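Protein chains in written order, with our numbering: chain A, 2 to 109; chain B, 6 to 535; chain C, 308 to 408.
Quick notes on the structure that follows.
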Amino acid sequence: MLAAVALSFSGFTALCLSMEKHYIELLKHKPSAARRRVLRWGGWALLLLSSWVAVKNAGWAMGLVHVTAVYMMTAVVLVWMLPYQPRLALILAALGLLVGPLNLSGLF
Amino acid sequence: MKEGFRQSMSWLHTWAGLIFGWLLFAIFLTGTLSYFKEEINHWAKPEVPVRSLDTAASLALAQGYLQVHASGSPRWFINVPDAREPVLRVGWQDPGKPGRAGFMRKNLDPQTGAEVQARESRGGDFFYRFHFELQMGYPWGRWLSSIAAMVMFVGLISGIIVHKKLFKEFFTFRPGKGQRSWLDGHNALGVLVLPFHLMITYSSLVIFMTMVMPASIVSAYGDNTQALFKEMFPARDTPAPAGQPAPLVSLPSLYAQFEREQPGARLGRVEVLQAGDVNARVVMSRHNGDQVSTAVGAARTFDGVSGKRLDSGTATAPMVQASGTFYGLHMGQFAGPWLRWGYFLFGLGGTAIIGTGLIMWLGKRQLKHAKSGVQPMELRLVEVLNIASMAGLLLAIVSFLWANRLLPSTLLGRSDWEINSFFLMWGLALVHAALRPGRKAWAEQLAAGAILYALLPVLNGLTTDRGLWRSIPRGDWAMAGVDLTALATGLVLAWSLHRLHLKTRQPARRTLRTARTAEPIGTVLEGDAR
Amino acid sequence: MKNNTGGVPVSYRLAVASRVLAAVLGGYVLTSLVSICVALSLPMARSEAVLVSLMTSFVFYLLAILWCFACRSAGRAWAGMALPSLVLAAIWGVMAGTVGA
Chain A
2 MLAAVALSFS
12 GFTALCLSME
22 KHYIELLKHK
32 PSAARRRVLR
42 WGGWALLLLS
52 SWVAVKNAGW
62 AMGLVHVTAV
72 YMMTAVVLVW
82 MLPYQPRLAL
92 ILAALGLLVG
102 PLNLSGLF
Chain B
6 MKEGFRQSMS
16 WLHTWAGLIF
26 GWLLFAIFLT
36 GTLSYFKEEI
46 NHWAKPEVPV
56 RSLDTAASLA
66 LAQGYLQVHA
76 SGSPRWFINV
86 PDAREPVLRV
96 GWQDPGKPGR
106 AGFMRKNLDP
116 QTGAEVQARE
126 SRGGDFFYRF
136 HFELQMGYPW
146 GRWLSSIAAM
156 VMFVGLISGI
166 IVHKKLFKEF
176 FTFRPGKGQR
186 SWLDGHNALG
196 VLVLPFHLMI
206 TYSSLVIFMT
216 MVMPASIVSA
226 YGDNTQALFK
236 EMFPARDTPA
246 PAGQPAPLVS
256 LPSLYAQFER
266 EQPGARLGRV
276 EVLQAGDVNA
286 RVVMSRHNGD
296 QVSTAVGAAR
306 TFDGVSGKRL
316 DSGTATAPMV
326 QASGTFYGLH
336 MGQFAGPWLR
346 WGYFLFGLGG
356 TAIIGTGLIM
366 WLGKRQLKHA
376 KSGVQPMELR
386 LVEVLNIASM
396 AGLLLAIVSF
406 LWANRLLPST
416 LLGRSDWEIN
426 SFFLMWGLAL
436 VHAALRPGRK
446 AWAEQLAAGA
456 ILYALLPVLN
466 GLTTDRGLWR
476 SIPRGDWAMA
486 GVDLTALATG
496 LVLAWSLHRL
506 HLKTRQPARR
516 TLRTARTAEP
526 IGTVLEGDAR
Chain C
308 MKNNTGGVPV
318 SYRLAVASRV
328 LAAVLGGYVL
338 TSLVSICVAL
348 SLPMARSEAV
358 LVSLMTSFVF
368 YLLAILWCFA
378 CRSAGRAWAG
388 MALPSLVLAA
398 IWGVMAGTVG
408 A
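Laid out in structure tokens, this is it:
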């Protein structure tokens with residue numbers, strides 16, 4: 002479950018950053034088109050990975066229910082944090098990129 | 006044409022949202038509480054002992070009790086205690102009184118089998134029943150809540166159609182900007198939690214679909230509409246009594262069979278049909294928490310005398326499973342602790358969507374009249390209803406819990422008086438909102454709410470031996486959870502009051518700022534006069 | 308579109324009321340007929356077909372309601388409910404007739 006949450010949060014953050022307006026707000030400089038594309042593809046990939054983890058853990062029925070709840074929860078937390086603690090959100094997203102795979106591999 | 010379409014959908018969204026918003030707020034809030042109805046039940050009956058769970062022993066005790074008190078009844082029900090509600094529940098249909106009036110319910114101590122002497126209270130079940138029956142007679146409440154559900158569905162879809170920047174503003178939330186922030190919040194909760202809102206709303210329609218859309222049932226089954234349910238659930242058929250007495254098989258022995266055949270399965274409900282007759286049958290269902298659909302792997306049916314397995318174990322039909330999935334998703338019985346809190350928070354989100362919508366509806370129109378200084382009667386009515394249906398309802402809920410602790414356990418009709426407290430407080434809030442100016446009414450009701458919610462754990466500690474300092478070390482998280490959630494609610498209300506105070510202290514600057522930011526929203530939400 | 312703060316014309320209010328009735332009542336009749344035809348025409352067991360017709364009915368009701376408010380006039384709203392209803396009723400008659408006979 003932790004992996005699914007971490008991957009989902011990082012995925013949504015990536016998708017958020019892939020939007021020029023938010024990228025500029027959060028990182029204070031203009032992103033190149035290539036960077037935005039990477040963030041967009043990366044974001045979707047992370048979200049898909051989160052689904053895969055959930056289904057692998059709990060089967061299709063429960064897994065889809067779990068991941069939908071995870072998506073909604075992480076999206077809300079992210080959007081809530083962006084105006085108040087944008088730096089913390091970015092840090093957590095970066096951590097998520099570590100925690101996710103580590104948790105999957107069983108090391109954490 | 007496209008602009009016209011969006012405008013008409015905006016009109017529909019705005020007016021459907023207003024007219025049904027107050028009712029929907031109540032349905033959503035009490036429905037959200039229902040995800041913890043077992044915990045609230047437990048909180049409301051502190052006398053119920055928390056024993057370690059032994060399903061087989063509980064079954065034996067229940068059987069013993071029912072054989073003495075419910076012999077001759079065509080249907081017995083047994084719900085064994087589980088981690089969330091440690092009570093052994095039995096029910097039976099009184100043979101002399103058919104229908105709902107003759108349904109008897111008792112709570113038993115899972116260790117002794119004796120009736121639990123607990124204060125009479127509906128507990129969490131009150132909120133649960135209220136959210137779809139609305140304290141109205143059968144079937145009117147269900148009809149009204151179903152109509153409200155359909156309006157909610159219309160509101161959700163029209164809202165999606167109207168939200169032009171759904172993807173562009175997916176991550177947008179700008180606090181501290183008056184009306185713009187309210188709209189951002191309304192949109193964010195709507196879009197980010199959309200799967201939940203759609204699921205909850207559509208599933209609520211599916212739950213009562215046979216009642217509200219009977220046309221296809223009647224056209225396919227004619228007079229014999231009961232045949233639909235028999236075809237859906239062939240195992241649940243109540244056999245006719247043969248009139249010949251025969252001892253009921255030992256229920257624990259059937260449970261042993263149940264456990265053997267489905268390792269790891271939890272027992273949900275046991276139904277005994279025609280107990281004591283030679284045609285008796287026992288139906289054992291899996292705990293709703295074991296799978297999403299409430300219809301899958303429905304039941305094991307056993308002969309009530311020999312204990313032989315009767316059902317052929319055929320798979321549930323796909324559409325029966327589908328409708329069971331809608332039901333299961335709505336009820337969320339399968340949810341473990343994390344997911345259950347998820348349901349609760351998403352439910353609060355849905356409640357907040359409705360609440361923010363109501364506030365914006367009024368706020369936007371109040372701005373139009375701010376310069377003239379006179380508020381037309383219709384807006385005043387909306388203001389009073391907003392306050393009573395939101396702050397007032399919160400007060401009503403906490404009053405129910407206060408009444409539970411304060412009313413003497415010997416009072417006749419005690420559980421009815423708890424419910425009366427709920428409605429009396431709600432009525433009082435309405436009167437108060439009508440008599441006081443808007444801002445003051447909000448402030449006073451929020452303040453009262455903050456105090457009552459925050460002090461609930463103190464009240465619990467003073468009136469029972471299950472206060473936080475006892476329940477937490479014991480690991481009685483159901484009891485502690487209700488106390489802690491009440492405390493948190495009190496703090497949130499206090500914070501809201503604080504925000505309201507800040508707003509009131511700088512009225513001139515705020516009105517100007519909100520007036521400026523109101524323009525962009527106006528173009529989207531305009532269309533209330535076509 | 309009159310956006311005056313004074314009285315809204317009566318004709319407007321009547322038009323709105325008419326659309327509401329078309330949506331709520333007309334829509335319900337239309338939805339019922341759709342579900343009847345769906346249940347009778349699906350090639351599955353009777354209880355299964357009825358369940359599908361029931362579970363999907365609310366989507367049709369939603370579409371009917373949206374139509375009644377999106378279309379250009381109250382008259383069109385009623386037409387949008389009545390015409391498909393007549394067609395479906397006819398189809399029902401044919402299907403029920405062939406089964407009964």
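Just so it is clear, CB atoms sit at the ideal spot from N, CA and C, and this is done for glycine as well.
Values in this document were obtained by computation on a predicted structure and should not be read as measured data.
Judged by pairs of C-beta atoms under 8 Å, the region 409 to 425 of chain B does not touch the region 445 to 457 of chain B, as fewer than three such pairs exist. Counted as a single uninterrupted DSSP element, the beta strand (DSSP E) harbouring B/Lys-111 occupies residues 108 to 113. With 16 or more neighbouring CB atoms inside 10 Å of its own CB, C/Gly-333 falls in the buried class. When Cβ-Cβ separations below 7 Å define contact, B/Phe-213 makes no contact with chain C. Proximity of chain B to A/Trp-81 at the Cβ level (cut-off 9 Å) is accounted for by Phe-178 and Ala-193, in chain order. Taken atom to atom, the span from the alpha-carbon of C/Cys-378 to that of C/Ala-386 is near 10 Å. Following the DSSP letters along the chain, one finds B/Phe-307 inside the beta strand (DSSP E) bounded by residues 304 to 308. Under the 7 Å criterion on CB atoms, C/Arg-383 is classed as non-interfacial with respect to chain B. Here A/Leu-93 has Phe-10 as same chain residues with Cβ atoms under 7 Å from its own Cβ, once five neighbours each way along the sequence are excluded. In the displayed model, C/Met-388 falls within a helix according to three-state DSSP. In chain order, Ser-78, Pro-79, Arg-80, Gly-107 and Phe-108 place their CB closer than 7 Å to the CB of B/Gln-98, counting only its own chain and leaving out the 5 sequence neighbours on each side.
Ranked by Cα distance from A/Trp-45, the options A/Leu-18, A/Leu-96 and A/Val-77 are led by A/Leu-18. Your pair B/Met-484 and C/Leu-361 does not check out as a contact, with CB atoms roughly 41 Å apart and the cut at 8 Å.
Residue pairing from DSSP places B/Pro-250 in a beta bridge opposite B/Asp-282. Per DSSP, reduced to three states, the secondary structure at B/Arg-89 is coil, with no helix or strand assignment. Relative to B/Ala-31, the option among B/Ser-394, B/Ile-166 and B/Arg-471 whose CA is nearest is B/Ser-394. Using a CB distance cut-off of 7 Å, A/His-30 does not count as an interface residue toward chain B. B/Leu-171 is a Cβ neighbour of B/Val-196, given a cutoff of 7 Å.
Only buried fits B/Val-254, as 16 or more other CB atoms lie within 10 angstroms of its CB. Scanning the region 207 to 250 of chain B for uninterrupted alpha helix (DSSP H) segments of 4 residues or longer gives 214 to 217, 220 to 226 and 231 to 237, listed from N- to C-terminal end. Cβ proximity to chain C below 8 Å picks out Met-155, Phe-158, Val-159, Ile-162 and Ser-163 from the region 146 to 163 of chain B.
In the DSSP assignment, B/Asn-409 falls within the alpha helix (DSSP H) that extends over 382 to 411. Neighbourhood of B/Leu-197 in chain A, by CB distance below 7 Å: Met-73, Ala-76, Val-77 and Val-80, in chain order. Taking one beta carbon from each stretch, the region 36 to 51 of chain A and the region 18 to 28 of chain B have fewer than 3 pairs nearer than 8 Å; the two do not touch. In this chain, the beta strand (DSSP E) harbouring B/Phe-82 covers 80 to 84.
Taking 9 Å as the upper bound on Cβ-Cβ separation, chain A lies near residues Thr-330, Leu-334, Phe-339, Ala-340, Trp-343, Leu-344, Gly-347, Tyr-348, Leu-350, Phe-351 and Gly-354 of the region 330 to 354 of chain B. Chain C places no beta carbon closer than 7 Å to that of B/Met-289, leaving this residue out of the contacts. Looking from the CA of B/Glu-264, the closest CA among B/Gly-248, B/Pro-250 and B/Met-289 belongs to B/Met-289.
At least 7 Å separates the beta-carbon of A/Leu-98 from that of A/Ala-90. With respect to C/Val-345, C/Ser-392 sits apart: the two C-beta atoms are not nearer than 7 Å. If you draw a straight line from the Cα of C/Arg-320 to the Cα of B/Leu-473, it is about 57 Å long.
The region 65 to 77 of chain B makes no contact with the region 145 to 159 of chain B, as fewer than three CB pairs between them are under 8 Å.
Counting the other Cβ atoms within 10 Å of the Cβ of B/Glu-383 gives fewer than 16, which makes it exposed. At a cut-off of 7 Å between beta carbons, C/Ile-398 makes no contact with chain B.
Its Cα nearest to that of B/Gly-69, the residue B/Leu-93 stands out among B/His-47, B/Arg-475, B/Leu-93 and B/Asn-229. For B/Val-275, no CB of chain A lies under 7 Å from its own CB, so it is not counted at the interface with that chain.
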